[in-house]
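J.: This is the structure I want to talk about, given as structure tokens.
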Amino acid sequence: MDHEHQMSHWSPAETARNSMELEEFDKSENEKKYQMSGSRSHFDVEVTPISAEPSIHKVEVTGDRPWRRTPITLRERLRYFTWAWYTLTMSTGGLALLIFAQPFQFPGLRGIGMAVYVINLILFAAVTSCMLLRFFLHRGTFAASLTHEREGFFFPTFWLSIATLITSTQRYVIPDNDTNLLWAIQLAYWAYALMTFLLAIGQYSFVFAAHSFGLQTMMPTWILPIFPIMLTGTIASVIAETQPDISAIPIVISGLACQGLGLSVSFMMYAHMVGRLMQSGLPNREHRPGLFMCVGPPAFTALALIGMANGLPDDFDFDTNGTIDVAFIRAMAIIIAGFLWALSLWWFFIAVIAVIASPPQYFHLGWWAMVFPNTGFTLATITLANEFESEGVKIFATVMSVGILIAYSFVIQAHVRAVLTKDILFPGRDEDVNDH
Numbered sequence: 001m002d003h004e005h006q007m008s009h010w011s012p013a014e015t016a017r018n019s020m021e022l023e024e025f026d027k028s029e030n031e032k033k034y035q036m037s038g039s040r041s042h043f044d045v046e047v048t049p050i051s052a053e054p055s056i057h058k059v060e061v062t063g064d065r066p067w068r069r070t071p072i073t074l075r076e077r078l079r080y081f082t083w084a085w086y087t088l089t090m091s092t093g094g095l096a097l098l099i100f101a102q103p104f105q106f107p108g109l110r111g112i113g114m115a116v117y118v119i120n121l122i123l124f125a126a127v128t129s130c131m132l133l134r135f136f137l138h139r140g141t142f143a144a145s146l147t148h149e150r151e152g153f154f155f156p157t158f159w160l161s162i163a164t165l166i167t168s169t170q171r172y173v174i175p176d177n178d179t180n181l182l183w184a185i186q187l188a189y190w191a192y193a194l195m196t197f198l199l200a201i202g203q204y205s206f207v208f209a210a211h212s213f214g215l216q217t218m219m220p221t222w223i224l225p226i227f228p229i230m231l232t233g234t235i236a237s238v239i240a241e242t243q244p245d246i247s248a249i250p251i252v253i254s255g256l257a258c259q260g261l262g263l264s265v266s267f268m269m270y271a272h273m274v275g276r277l278m279q280s281g282l283p284n285r286e287h288r289p290g291l292f293m294c295v296g297p298p299a300f301t302a303l304a305l306i307g308m309a310n311g312l313p314d315d316f317d318f319d320t321n322g323t324i325d326v327a328f329i330r331a332m333a334i335i336i337a338g339f340l341w342a343l344s345l346w347w348f349f350i351a352v353i354a355v356i357a358s359p360p361q362y363f364h365l366g367w368w369a370m371v372f373p374n375t376g377f378t379l380a381t382i383t384l385a386n387e388f389e390s391e392g393v394k395i396f397a398t399v400m401s402v403g404i405l406i407a408y409s410f411v412i413q414a415h416v417r418a419v420l421t422k423d424i425l426f427p428g429r430d431e432d433v434n435d436h
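Here it is in structure tokens:
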């Protein structure tokens, strides 16, 4: 018997009272249905992947994860192989650098680091091959990926991977006395600096002209286009100390300028990020690991400042009268690095609390933000420990390094599992759709 037939036999008072009870009952039932659906707000809408042609597979969004049972070819899955996959290679490259920089070395550790470096080369080649296959098999996806309002922001991760390859190659492959290889790494540095400078100008210019974002949609990925040019300073800090004096000084000066540009733009983005958090609260739980990206800029700047100061010739005298000599510059670099390290620490705990408060349920490639920026944070800690010659800080940095290794292991297993269970590389599941 329906509600209307029941109400025809009630008095006015009973009708009012029982109507309220029925409304509460209906509301309770709807809430139960919503909870049973898994509360997957960003999966409850039909999405269309970027492509020159629409997908032939219908995206179902109801039931108990039906995409695991949906047949889809490898060719079709490659359609959803996005630029965000380079977060894997930039994180692996960062791990190789972290192993090299450990304050407490033991026999075989550098060999492990070399193995990670080689694995990263293989991963980079594999990811690049899959990206090329995607663009070849699915015409139109190259331009669409670069201009997409979400995936486009992950294009800089390709250049971040290049940065880790250059720096780790310097650490593991280039001997200090090989003139030809030193010239080769210097050429790679200048080429990288030029390309990432053009990227920083070009991508932001396109975003300003082609897209319109509200403050409430602000995500840490907006920082990514300026990240590669910022790592120019990090590369300079690694290679300058091995270069001849005549080459080291231009490298340090250009690296300082690029690092300053990257940090300055990041600070402007921080203002938007804090405003977004104040106005709209934390991001969707699935994307909260991305908050760790905010840890990176001050951490890598702290690392770069000390490295570039140490890369200057010992007889360097800026004003030729001894007022601003290399000792003064190195002291200022340590002081500024300490200030910036504290900012990274603040962002780190903001991100940790946000993730713990509402952990993500499904894997996204943005999870790699828990590794790469925090690797820079750990490297900065190691560098400060070495400058202060503090055994306690070195031990603390070693503990942080173990934490990075645990985070990397956790994310890589989740990454592999997501590929096997079709949580990624599937229609509506990757960075080629907007879901936040």
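Counting with full-length UniProt numbering, you get residues 1 to 436 for the letters of the sequence shown. Backbone N, C-alpha and C define an ideal beta-carbon position, used for all residues, glycine too. None of these values were measured; they are calculated from a predicted model.
Would T82 and F372 qualify as a contact pair, given that the criterion is a beta-carbon distance under 8 Å?
T.: One-based indexing of the sequence shown puts residue 82 at position 82. One-based indexing of the sequence shown puts residue 372 at position 372. The answer is no: Cβ separation not under 8 Å.
J.: Can you list, in chain order, the residues of its chain whose CB lies under 6 Å from that of Q35, leaving out five sequence neighbours each side?
T.: As a first step, residue 35 must be located in the sequence shown, where it is residue number 35. With a pLDDT of 40 at Q35, under the threshold of 50, the predicted position of this residue should be treated as unreliable, and no value is reported.
J.: Counting pairs of Cβ atoms below 8 Å between the region 363-382 and the region 87-107, do you hit three or more?
T.: The region 363-382 vs the region 87-107: in contact.
J.: Specify whether the region 218-227 and the region 151-159 touch according to this definition: at least 3 beta carbon pairs, one from each stretch, less than 8 Å apart.
T.: The answer is yes - the region 151-159 touches the region 218-227, with three or more Cβ pairs under 8 Å.
J.: Whose C-alpha, out of L132, Y270, G262, is nearest the C-alpha of L198?
T.: Residue mapping note: residue 198 aligns to position 198 of the sequence shown, counting from 1. L198 has its Cα closest to that of G262, out of L132, Y270, G262.
J.: Pull up the CB-CB distance for F100 and Y192, whole angstroms please, since I reckon it's below 8 Å.
T.: The residue given as residue 100 occupies position 100 in the sequence shown. The residue given as residue 192 occupies position 192 in the sequence shown. About 20 Å separates the two Cβ atoms, so there is no contact after all.
J.: Excluding the five sequence neighbours on either side, which residues of its own chain have a C-beta within less than 8 Å of the C-beta of C258, listed in chain order?
T.: Here residue 258 corresponds to residue number 258 of the sequence shown, with the count starting at 1. Only A193, T196, F197, I229, M230, T232, G233, A236 meet the Cβ criterion.
J.: Excluding the five sequence neighbours on either side, which residues of its own chain have a C-beta within less than 6 Å of the C-beta of C298, listed in chain order?
T.: For the purposes of this step, residue 298 is taken as residue 298 along the sequence shown, with counting starting at 1. The question names Cys, yet the displayed sequence has Pro at residue 298. So the list reads L340, L343, S344, once near-sequence residues are dropped.
J.: To the nearest angstrom, how far is it from the Cα of L187 to the Cα of Q170?
T.: The residue labelled residue 187 in the question sits at position 187 within the sequence shown. The residue labelled residue 170 in the question sits at position 170 within the sequence shown. Near 12 Å, if we compare the C-alpha coordinates of Q170 and L187.
J.: Starting from S316, trace the alpha helix (DSSP H) both ways and give me its first and last residue.
T.: Numbered from 1 along the sequence shown, position 316 holds the residue referred to as residue 316. Rather than Ser, the amino acid found at residue 316 in this sequence is Phe. Taken as a continuous stretch (DSSP letters only), F316 belongs to no alpha helix (DSSP H), as it is neither H nor E.
J.: Take G290 and list the residues in its own chain whose beta-carbon comes closer than 8 Å to its own, dropping the five residues that flank it on each side.
T.: To locate residue 290, count along the sequence shown from 1; it is residue 290. Counting only Cβ-Cβ distances below 8 Å, and skipping sequence neighbours, we find M219, P220, T221, P283, G366, A369.
J.: Using CA coordinates, which residue listed in R288, S390, D317, T398 is at the minimum distance from F349?
T.: By 1-based counting over the sequence shown, the position of residue 349 is 349. Ranking the options by Cα distance to F349, first place goes to R288.
J.: Would you be able to state if there are at least three C-beta pairs under 8 Å between the region 240-247 and the region 307-319?
T.: Enough Cβ pairs lie closer than 8 Å, so yes.
J.: Ignoring anything shorter than 4 residues, give me the alpha helix (DSSP H) runs that lie fully in the region 281-360, in order along the chain.
T.: Segments of the alpha helix (DSSP H) lying fully in the region 281-360: 296-311, 326-357.
J.: Say whether the region 389-409 touches the region 102-121, bearing in mind that this needs 3 or more beta-carbon pairs closer than 8 Å, one atom from each stretch.
T.: With a cut-off of 8 Å, the region 102-121 and the region 389-409 count as touching, because enough Cβ pairs lie within range.
J.: Assign F292 to one of two classes, buried (16 or more other C-beta atoms within 10 Å of its C-beta) or exposed (fewer than that).
T.: In the sequence shown, the residue the question calls residue 292 occupies position 292. F292 should be labelled buried.
J.: May I ask you to report which of helix, strand or coil DSSP gives E149?
T.: Within the sequence shown, residue 149 is the residue found at index 149, counting from 1. Three-state DSSP puts E149 in coil, outside helix and strand.
J.: On the three-state DSSP scale, how would you describe F396?
T.: Reading the sequence shown from its first residue, position 396 is the one you call residue 396. Residue state, collapsed to three classes: helix.
J.: If you draw a straight line from the C-alpha of I174 to the C-alpha of A115, how long is it?
T.: By one-based count along the sequence shown, residue 174 stands at place 174. By one-based count along the sequence shown, residue 115 stands at place 115. If I take the Cα positions, the gap works out to 16 Å.
J.: Ignore the nearest five residues each way along the sequence and tell me which others in I280's own chain have a CB closer than 7 Å to its CB.
T.: Taking the first residue of the sequence shown as 1, we reach residue 280 at position 280. The displayed chain sequence assigns Ser, not Ile, to residue 280. Hits under 7 Å: Q216.
J.: Within the same chain, show all residues whose beta-carbon is closer than 7 Å to that of W347, passing over the 5 residues directly before and after it, in chain order.
T.: To locate residue 347, count along the sequence shown from 1; it is residue 347. Closer than 7 Å at Cβ, skipping near neighbours: C294, V295.
J.: Are at least three pairs of beta-carbons, each pair with one atom in the region 140-153 and one in the region 201-211, less than 8 Å apart?
T.: Contact between the region 140-153 and the region 201-211 is present, because at least three Cβ pairs lie under 8 Å.
J.: Go through its chain and collect everything with a Cβ distance to M308's Cβ below 7 Å, but skip five positions before and after it.
T.: Along the sequence shown, read from residue 1 onward, the residue named residue 308 stands at position 308. G233, A236, S237, A240, V252, G255, L256, listed in sequence order.
J.: Can you check which of these residues, K422, M278, D432, is closest to T73 by C-alpha distance?
T.: For this step, residue 73 is matched to residue 73 along the sequence shown. Of the listed residues, the one whose Cα sits closest to T73 is K422.
J.: Look at the alpha carbon of F426 and the alpha carbon of T398, and state the distance between them as a whole number of angstroms.
T.: Looking up residue 426 in the sequence shown gives position 426. Looking up residue 398 in the sequence shown gives position 398. Near 38 Å, if we compare the C-alpha coordinates of T398 and F426.
J.: Give the DSSP-derived three-state secondary structure of Q413 in the structure shown.
T.: Position 413 of the sequence shown holds residue 413. DSSP places Q413 in helix when its eight states are reduced to three.
J.: Once the 5 residues before and after P360 are set aside, which same chain residues still bring their CB inside 8 Å of it?
T.: Taking the sequence shown and counting its residues from 1, one reaches residue 360 at position 360. Within the same chain, P360 has close Cβ partners R285, E286, H287, R288, P289, W367.
J.: Who are the near neighbours of A333 in its chain, counting only those whose CB is closer than 6 Å to its CB and skipping five residues on each side?
T.: Here residue 333 refers to the residue found at position 333 when the sequence shown is read from its first residue. Closer than 6 Å at Cβ, skipping near neighbours: L305, I306, A309.
J.: Whole angstroms are fine: how far does the CA of V352 sit from the CA of W159?
T.: Position 159 of the sequence shown, counted from the start, is the residue given in the question as residue 159. Position 352 of the sequence shown, counted from the start, is the residue given in the question as residue 352. Looking at the two C-alpha atoms, the distance is approximately 27 Å.
J.: When you compare only the Cα positions, how much space is there between E76 and Y408?
T.: The sequence position of residue 76 within the sequence shown is 76, counting from 1. The sequence position of residue 408 within the sequence shown is 408, counting from 1. Looking at the two C-alpha atoms, the distance is approximately 28 Å.
J.: Please classify P107: does DSSP put it in a helix, a strand, or coil?
T.: Translated into the one-based positions of the sequence shown, residue 107 becomes position 107. It is coil, neither helix nor strand.
J.: Check for me: the alpha helix (DSSP H) holding Q216 runs from which residue to which?
T.: Here residue 216 corresponds to residue number 216 of the sequence shown, with the count starting at 1. Unbroken run through Q216: none, as it is neither H nor E.
J.: Inspect the beta-carbon positions of S161 and T89 and report whether they are closer than 8 Å.
T.: Mapped onto the sequence shown, residue 161 falls at position 161. Mapped onto the sequence shown, residue 89 falls at position 89. Yes. Within cutoff.
J.: Please classify G113 as buried or exposed, where buried requires at least 16 neighbouring CB atoms within 10 angstroms.
T.: For the purposes of this step, residue 113 is taken as residue 113 along the sequence shown, with counting starting at 1. G113 is buried by the Cβ-count criterion.
J.: Using three-state DSSP, classify S161 as helix, strand or coil.
T.: Here residue 161 corresponds to residue number 161 of the sequence shown, with the count starting at 1. S161 falls in the helix class under three-state DSSP.
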